[in-house]
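Reviewing the structure listed below.
Structure (structure tokens):
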């Protein structure tokens, strides 16, 4: 019982990382129709920028600088390269963003080396634990989980309550109509992209004290996040949230029951979803068509 | 286009096809014969030519899918690594005393074809990112199964020191690791360490190129083009698009499996890194840089990237960054790849000449 609740908590924390990355992936797909394989690179850049700032100034400044830096990077990337590929077929987008992910990963390796980096943590936080029922769980992990929940809710509120959010949501339905009505969909798209990227960057900085950090970490989190997005439904906000927690828990429970299968179970899950319900759990069914 | 109708002599179509077939085989054979010498001149070590030729076959396999059928697979490693493992396992368990290269390679190719048919049966209904991710999922499953099946596959260590497969040719049993008679080439250096393997691999590549060339010129190839351009329309015309896509997937799996089995036999070892996402991605990079939808693009892309990888990795530590940059630059500035761009230029020039001549 104790082992199970421990596993479920681990699954929740990991799942929330997936949620934060997947929400960015999914809103970018929903609004820009862009399949972004470079999204994991945003996580990695956030993690490394956060590392540098954390070493100099501490954790809190790191959590502020990392998402801003990543959002800026993403906007620059969008303006310089990605924009040319909005209207291209998904295969071309996939190839381009895969290439960008490679370049970012190798650049990080060049700058920081290939070794695993240790995040500096204040000593009171590093060893602190909070008792929940029968188990003691690291306080940082719990704070992290709460932080992700708050961030995701903020993003949701942004989309529901602001004018930008309105344009974005309308743009998902009918892009041309929004433009005809005078909505600035380009600006809104840029903001969506920056938010998605910034979120990934923030999670990169915030999750790295929990998980190890090396240049491949971004890609290692990206692939499960794609699984999450597919399971939840590509383009669906709550699908990404549901999928993230589901996949995180699935991995954690499998790790408990049969560790060797922990890595593969999510792919089995994704394959089943793609075969049986390609639009995902909460996705809309219109997406599966020949290009 | 109209210029051809004014052509004075009408040669029988069949005869010209034969002529062009012969010319194709001859020129490609010459190219393959010269390749190791050219590579040697620019600093590639002897074994590299053989590796490039072998891996090219897998890239051609991806091109059948990505280029001609328009399906991006991120799971080619399941066929590449799968072919390697099956060849090795066949050698170890079924013919430890009479290691026959044909049986190992054909067995592996057949097995990966069956795997491709099974995976394809559920995958080809999907498109774009969905298809790419489903193939990735299956490849990850294969990776896991191989990594966990330690008794048969050696787990993380892979399989080494399996029997050296002999090539049965009539009365002979050739050991492909035999060095060719010392080739002292004056200014070209000494290629004495090139193995019989290169000759065999080059013949295989030549056969594969010839096969794919015939494929693209057949009705099958034309239907594949039509499906890629507009699937709905080709279905209305009466073609079973799913069957064609499945066939393309199976051919792709067969060629990639063939390549993987040859690579394993050549290396004398096969490991789980042949089954990774990175391995799947490498074929995509090779094909895109060289040029999809072209016959020689995959070979050129494989040669350039593998050459750079081998030459640069010795000199600078960040060659992978350079590889990534080449890939991105190719996608942005050469969407048709190196070979595709050259062909387009030439076709453009020819069209210009025709346009001037026609009036």
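Protein chains in written order, with this note's numbering: chain A, 121 to 411; chain B, 20 to 378.
Don't be surprised by glycine CBs; every beta carbon is placed ideally from N, CA and C.
Given the structure is predicted, the values throughout are model-derived calculations rather than measurements.
Is there a Cβ from chain E that is less than 8 Å from the Cβ of residue 130 of chain B?
Absent from the structure is chain E; the protein chains it does hold are A and B.
Taking all protein chains shown into account, do 16 or more other C-beta atoms lie within 10 angstroms of the C-beta of residue 352 of chain B, making it buried, or fewer, making it exposed?
exposed
Pick helix, strand or coil for residue 299 of chain A, following the three-state DSSP scheme.
helix
Say whether chain A places a C-beta atom closer than 8 Å to the C-beta of residue 50 of chain B.
no
For residue 287 of chain A versus residue 305 of chain A, is the C-beta distance shorter than 8 Å?
yes
One or two residues paired with residue 193 of chain B in a DSSP bridge:
B/186
Rounded C-beta distance between residue 145 of chain B and residue 145 of chain A? I'm assuming under 8 Å.
So it is not a contact: roughly 18 Å between Cβ atoms.
Indicate whether at least one CB of chain A lies closer than 8 Å to the CB of residue 238 of chain B.
no
Between the region 197 to 224 of chain A and chain B, which residues of the former have CB atoms less than 8 Å from a CB of the latter, in chain order?
201, 204, 209, 210, 211, 212, 214, 215, 216, 218, 219, 220, 222, 223
Quick one: does residue 167 of chain B have its CB under 8 Å from some CB of chain A?
yes
Please compile the residues from chain A whose C-beta is within a distance smaller than 7 Å of the C-beta of residue 339 of chain B.
226
Of the choices A/326, A/335, A/289, A/388, whose alpha-carbon is the least far from that of residue 141 of chain A?
A/326
Partners in chain B for residue 380 of chain A, counting only beta-carbon separations shorter than 9 Å
163, 166, 167
The alpha helix (DSSP H) enclosing residue 73 of chain B, as first and last residue numbers:
65 to 82
Please determine, among A/177, A/151, A/185, A/179, the residue with the shortest C-alpha to C-alpha distance to residue 165 of chain A.
A/185
If you reduce the DSSP assignment to three classes, tell me which class residue 20 of chain B lands in.
Reliability fails at residue 20 of chain B, whose pLDDT of 39 lies under 50, so the model's placement of it is uncertain and no value is given.
For the region 358 to 392 of chain A, which residues have a CB atom closer than 7 Å to at least one CB atom of chain B, in sequence order?
380, 383, 384, 387, 388, 390, 391
Name the chain B residues whose beta carbon is nearer than 8 Å to that of residue 351 of chain A?
Here the premise fails: no neighbours, minimum Cβ distance about 11 Å.
Looking only at its own chain, which residues have a Cβ that is under 8 Å from the Cβ of residue 253 of chain B, when we skip the five neighbours before and after it?
242, 245, 246, 260
So residue 251 of chain A is in the beta strand (DSSP E); what residue range does that whole segment cover?
249 to 252
Residues from the region 333 to 348 of chain A in contact with chain B, defined by Cβ distance under 9 Å:
339, 343, 346, 347
Would you say residue 398 of chain A reaches chain B, if we count a Cβ-Cβ gap shorter than 8 Å as a contact?
yes
Measuring straight from C-alpha to C-alpha, what distance separates residue 398 of chain A and residue 197 of chain B?
52 Å
Where residue 325 of chain B and residue 55 of chain B are concerned, what is the direct C-alpha to C-alpha distance, given to the nearest angstrom?
14 Å
Assuming residue 261 of chain A contacts residue 365 of chain A under a Cβ cut-off of 8 Å, what Cβ separation, rounded to an integer in Å, is found between them?
Not a contact, Cβ separation roughly 15 Å.
What is the residue span of the beta strand (DSSP E) that residue 258 of chain A lies within?
255 to 258
Simplified DSSP state of residue 412 of chain A, which is helix, strand or coil
Residue 412 of chain A is absent from the model: chain A starts at 121 and stops at 411.
Indicate whether the contact test is met: 3 or more Cβ pairs, each with one atom in the region 120 to 138 of chain B and one in the region 315 to 325 of chain B, closer than 8 Å.
no
Residues bridged to residue 119 of chain B [DSSP beta-bridge criterion]:
B/185
Rounded Cβ spacing between residue 224 of chain A and residue 361 of chain A (contact assumed at less than 8 Å):
26 Å between Cβ atoms; not a contact.
Threshold first: 4 residues or longer. Then list the alpha helix (DSSP H) segments lying entirely within the region 309 to 371 of chain B, N to C.
316 to 334, 338 to 352
How big is the Cα-Cα spacing for residue 60 of chain B and residue 68 of chain B?
12 Å
Are the Cβ atoms of residue 310 of chain A and residue 195 of chain A separated by less than 8 Å?
yes
Assign residue 20 of chain B to buried or exposed, taking buried as 16 or more other Cβ atoms, counted over all protein chains shown, within 10 Å of its Cβ.
Because the pLDDT of residue 20 of chain B is 39, which lies under 50, any placement of that residue in the model is unreliable, and the number read from its coordinates should be weighed accordingly. That one is exposed.
Buried or exposed for residue 266 of chain A, going by 16 or more other Cβ atoms inside 10 Å?
exposed
Within chain B, partners of residue 155 of chain A - CB distance below 7 Å:
148
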